[in-house]
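Below is one structure, written out as structure tokens; the observations come after it.
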DNA sequence: GCCAACGTTGGC
DNA sequence: GCCAACGTTGGC
């Protein structure tokens, strides 16, 4: 079982949006960074678990848990001319970007804030990629130990 | 809105 | 292949 952290801006597409989708399921698309794409394409498996993390907002932190219900497939938005994530240089015969589908399992009882995570940066969460200085990746792996510890903070 | 950090682009 | 310029991310 793999564990992941998926960043999203709640004003664009956050946990509230996911909760309102049919079957609480939606594509996780629009990823346009190669390293994040490689995780999605090569390592994220169906049934893996993911923290939904809110960024660029008043209270950055982990908001909920989703499960991966579909592994990587070509992200349709790269070919949609009017889409913000349109990529004119991506070849339909060899699509550059991938999406996965995720289903909301549950919200956390409360947001576990970035501040709280940072409080354990030198301890239980040592080495967590999200906390690494300058990290901007929107898809990062989470170790099982870190995953379990974060849930004890809830 | 600021700005540090990092990724991407493109001239050479 | 180098690296300066530029764009994006994201906390604050």
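In the working numbering, the protein residues as written are 24 to 177.
Backbone N, C-alpha and C define an ideal beta-carbon position, used for all residues, glycine too.
Run of the alpha helix (DSSP H) containing residue i, from where it starts to where it stops
{"i": "residue 33", "result": "33 to 36"}
Chain-order list of residues whose beta-carbon lies under 8 Å from that of residue i (same chain, five-residue window excluded)
{"i": "residue 78", "result": "30, 31 and 32"}
{"i": "residue 83", "result": "76, 77, 136 and 137"}
{"i": "residue 148", "result": "140, 154, 169, 172 and 173"}
First and last residue of the uninterrupted beta strand (DSSP E) at residue i
{"i": "residue 48", "result": "48 to 51"}
Own chain, CB closer than 7 Å to residue i, minus 5 neighbours either side, in chain order
{"i": "residue 59", "result": "160, 161 and 162"}
CA-to-CA distance, residue j to residue i, given in whole angstroms
{"i": "residue 28", "j": "residue 74", "result": "5 Å"}
{"i": "residue 107", "j": "residue 42", "result": "23 Å"}
Expected contact under 8 Å - CB spacing of residue i and residue j to nearest Å
{"i": "residue 95", "j": "residue 67", "result": "7 Å"}
{"i": "residue 89", "j": "residue 46", "result": "The pair is not a contact, with the Cβ atoms about 12 Å apart (cut-off 8 Å)."}
{"i": "residue 119", "j": "residue 91", "result": "So it is not a contact: roughly 21 Å between Cβ atoms."}
>> Runs of 3 residues minimum, wholly inside the stretch 57 to 110: which ones carry the beta strand (DSSP E) assignment?
In response: 72 to 77 and 84 to 97
> Counting only runs that start and end within the stretch 130 to 171, where is the beta strand (DSSP E) found for 3 or more residues in a row?
Replying inline: 162 to 164
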